Every structure is written in structure tokens, then in C-alpha cells.
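Report on the following structure.
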Amino acid sequence: MKKIEAIIRLTQYESVKKALEEQDITFFSYWDVRGVGTAREGHLYRGTVYDTSIIERRLLSIIVRDENLEKTVQALMAAARTGEIGDGRIFVTDIAETYRIRTGESGPETLYEK
Numbered sequence: 085m086k087k088i089e090a091i092i093r094l095t096q097y098e099s100v101k102k103a104l105e106e107q108d109i110t111f112f113s114y115w116d117v118r119g120v121g122t123a124r125e126g127h128l129y130r131g132t133v134y135d136t137s138i139i140e141r142r143l144l145s146i147i148v149r150d151e152n153l154e155k156t157v158q159a160l161m162a163a164a165r166t167g168e169i170g171d172g173r174i175f176v177t178d179i180a181e182t183y184r185i186r187t188g189e190s191g192p193e194t195l196y197e198k
């Protein structure tokens with residue numbers, strides 16, 4: 085099992101969500117996050133654009149079975165890409181074990197309903 089964390093532009097969230105659904109990845113968690121990086125965003129306030137080093141993004145956390153890793157990463161890459169600096173990052177880590185609290189089951193089968 086793998087954990088995929090993806091930091092994407094807020095504007096790309098709906099296309100990423102749709103791309104994941106097309107790959108049968110229908111459950112994930114997300115948070116609105118802020119960070120500091122090389123990308124700069126202009127914020128509009130009362131008709132004036134202000135440059136800021138604070139970058140607003142969305143962080144997605146997705147746990148998948150090993151066989152779903154590649155298709156999930158490819159869906160994220162295709163849907164989140166704009167070709168500009170600041171498109172985001174994807175991190176993949178190993179998951180040692182999962183448990184379903186309701187039934188006490190463990191292992192990869194706990195990731196999805198049967």
C-alpha cells in the first residue's frame with residue numbers, strides 16, 4: 085500500500101478530482117494549505133495586485149493499493165499540470181498496515197468496500 089500526498093493549485097482541484105474519479109479513486113482527504121516557495125502569486129485587493137510569497141494550495145492525501153499507484157500518480161500529473169512554476173509536488177510513501185475500525189479487519193482490503 086502507498087500513501088500519495090499531492091500539493092496542487094486550488095484552481096486545478098476540480099480537474100484533479102474528476103481525473104481521480106475516472107480512475108476509480110473515489111476517496112481521499114484534502115486540506116487547504118499555505119506554503120513558501122519560488123512561485124509568486126498576485127492577490128487582487130480593491131483593484132490593486134499585491135505580490136506575495138505566501139502560496140495557497142490544496143494538499144491531497146490518498147491511500148492506494150500498490151497496483152493503483154501508477155494510474156493515480158499519472159492522473160494527478162495530467163490533471164494538475166499547467167506548465168507553469170508552482171504546479172505542485174507529489175510524494176509517495178509506504179504504508180505498513182491499515183485497519184478498519186468497524187470490523188477489525190486489516191490489510192489492503194480495508195481500503196475499499198467489498
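If you're matching positions, the sequence shown starts at 85 in the numbering used here and goes up one per residue. Backbone N, C-alpha and C fix where the C-beta goes; we use that ideal spot for every residue, glycine too. If you're wondering where the values come from, they're calculated on a predicted model, not measured in any experiment.
Shown here for Tyr114: same chain residues with a beta carbon closer than 6 Å to its own, the five before and five after excluded, namely Arg142 and Leu144 in chain order.
Under the three-state reduction of DSSP, Asp150 is assigned to helix. Of Val120, Tyr97 and Ile88, the smallest CA-CA separation from Ala164 is found for Tyr97. Here Val100 is buried, its C-beta having at least 16 other C-beta atoms within 10 Å.
Under the DSSP assignment, Glu89 falls in the beta strand (DSSP E) whose first and last residues are Lys86 to Arg93. Glu151 is the residue among Lys155, Glu151 and Gly170 whose C-alpha sits nearest the C-alpha of Glu193.
When the beta-carbon positions are compared, Met85 and Ile179 come within less than 7 Å of each other.
Between Ile139 and Lys87, the gap from beta carbon to beta carbon reaches 7 Å or more. In this model, Gly170 and Glu89 are separated by some 16 Å (Cα to Cα). For Ile92, the closest C-alpha among the options Gln107, Ser190, Gly131 and Thr166 is that of Thr166. Straight-line measurement puts the Cα of Thr187 at about 33 Å from the Cα of Val117.
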